[in-house]
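Colleague: Structure in structure tokens, see below.
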Amino acid sequence: MTAPAPSPRGWCPSLHEPMLSGDGLLLRVKPHAARLTAAEARLIAHQAARHGNGAIDLTQRGNLQPRGFSADGARMFADAMVAAGLARAEPGVERGRNLLAPPLLGVDAGIAPGTAALVGALADAMATWPKLPAKFGVVVDGGGLLPLPAERADLHLRCLGPQAEIRLGGGDAVAICATGDAVGAATRLARHFATLAPARRMHQAVAVHGAAGILAAAGLVARPDANPLPALPPCAVGSLPGPVLGVAVPFGQLQATQLAALAELAERQGDGTLRVSPWRALLLPGVTDTVAAAALGMIVSPTDPRLRVLACTGSPGCGAAMLETRAAAAWLAPRLPAGLPLLHVSGCAKGCAHPGAAPATLVGQPGGLALVRNGRAGDPPAAAGLTLEQTLAVLEPS
């Protein structure tokens, strides 16, 4: 395989199409059905340290994002992932594998019957879909301990056993079909969406054509959606029923050595798997040893103040950042006002760590920090030119 050409900044990277950042190239590994064996996790860790700088981000899409590669290093890492069955060799197919599955599939008995079969069949079908925008994503939810209704996607399928609900990103309607027909319906929707240029995401298409019209084009009947998406995701950190140990990575990034050590813990105490999630947390079925996980630098308590702060890579890892975001987040976390449920710390106005609105967002700017209230990183600030210490006075909820 030839060395991959780096994608421009702002592009959504994939394994074969890495993106250039301040610390080299970064790329993504997309675990099948949110599951890694301990051996697969060790392989990713080893190859990330051998060919990259060993830093691995956990993304909101449930992917692993190793960093710090040269062009040749990225090629060798990609080759290793394909050889291990962790990725497809075809760049277009691999790019489109944006399928978020329930993290505890096969472990949580509360997940609706038929969900695993739906995930598998949909993954196979997506390999045949037309070329779609790189960020086009699909969620399959089956309920259970850690449901996914709050996760945004272009297509959102919820398995209810014999029936499935299908929702469109940005839509206010739902279609119901037999679970056995859901893959065909999703495929028709994807093919129809591909004709709706210049829409890059489903919510843009819905704004123009309406959810009911798009669903009807796929042979589906739209109904009013009586179940709006919840505002907050479930808590995936700490000792969970099962037993399952949920461990969060401080501010979304771990080192290859930590991933390898977690793999060893999963193999020694659990069922030998690690489950990825869209909440920048890893789940270890069968593991109960919070002390061992904490010793590896993981967050194991759902009340840890660091869980209230979201931060991007920041400088120097990102060339666009004007703030060392993770250092700022670590300083701010234990000092946050009690009434502030979430703080987003962004190195620039793009807001990569949290594209949506947050109660408070601190944005790095040339003249200091800006504060955005109840908005996104790119929104007009309520205050600007702040030092890190000065932000404490203005972070109190108004």
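Here the sequence shown stands for residues 138 to 535, where the numbers follow my numbering. The beta carbon of each residue, even a glycine, is placed where N, CA and C say it ideally should be.
(1) Can you pull the DSSP bridge partners for G383?
(2) According to DSSP, simplified to helix, strand and coil, what is P471?
(3) With distances taken from CA atoms, which of D408, V311 and H340 is nearest P361?
(4) For the candidate residues A486, P442, W468 and R445, whose alpha-carbon lies nearest to that of G456?
(5) Is L420 closer than 7 Å to G383 when the C-beta atoms are compared?
(6) Within the chosen definition, does the segment 188-200 reach the segment 155-175 through at least 3 CB pairs nearer than 8 Å?
(7) Candidates G306, R337 and A217: which alpha carbon is nearest L269's?
(8) Going by DSSP, what residues sit across from R304 in a beta bridge?
(9) Take L282 and list the residues in its own chain whose beta-carbon comes closer than 7 Å to its own, dropping the five residues that flank it on each side.
(10) Suppose you measure from the CA of D209 to the CA of E526; what does that come to, to the nearest Å?
(11) Specify the secondary structure class of A463 as computed by DSSP and reduced to three states.
(12) Below 8 Å CB to CB, which residues in the same chain sit around G257 once its five sequence neighbours on both sides are set aside?
(13) Among the residues of its own chain, which have a CB less than 8 Å from the CB of G504, if the five just before and after it don't count?
(14) Kindly identify the DSSP beta-bridge partner or partners of T498.
(15) Which same chain residues, not among the five before or five after V343, have their C-beta less than 8 Å away from its C-beta?
(16) Closer than 8 Å by C-beta to E231: which residues in its own chain qualify, once you throw out the five before and the five after it? Chain order, please.
Modeller: Reading it off the structure:
(1) Answer by DSSP bridge pairing, in chain order: G375 and L420.
(2) P471 falls in the helix class under three-state DSSP.
(3) For P361, the nearest C-alpha among the options comes from V311.
(4) Ranking A486, P442, W468 and R445 by Cα distance to G456 puts A486 first.
(5) Result yes, Cβ atoms of G383 and L420 sit closer than 7 Å.
(6) In short, these stretches touch, since the Cβ pair count reaches three.
(7) Ranked by Cα distance from L269, the first of G306, R337 and A217 is R337.
(8) Partner(s): H293 and V311.
(9) L241, D245, G247, L377 and P378.
(10) Looking at the two C-alpha atoms, the distance is approximately 43 Å.
(11) Strictly speaking, residue 463 in this sequence is Arg, with Ala absent from that position. In the structure shown, R463 sits in a helix (DSSP, three-state: H, G or I).
(12) So the qualifying residues of the chain are A170.
(13) Residues of the same chain with a CB within less than 8 Å of the CB of G504, apart from the 5 flanking positions on each side, are A521 and G522 in chain order.
(14) Paired residue(s): H481 and V509.
(15) Apart from the 5 residues on each side of it in sequence, V343 sits with its Cβ closer than 8 Å to the Cβ of L305, G306, G307, G308 and I351 in its chain, given in chain order.
(16) Contacts found: S151, L152, H153, K167, A224 and R225.
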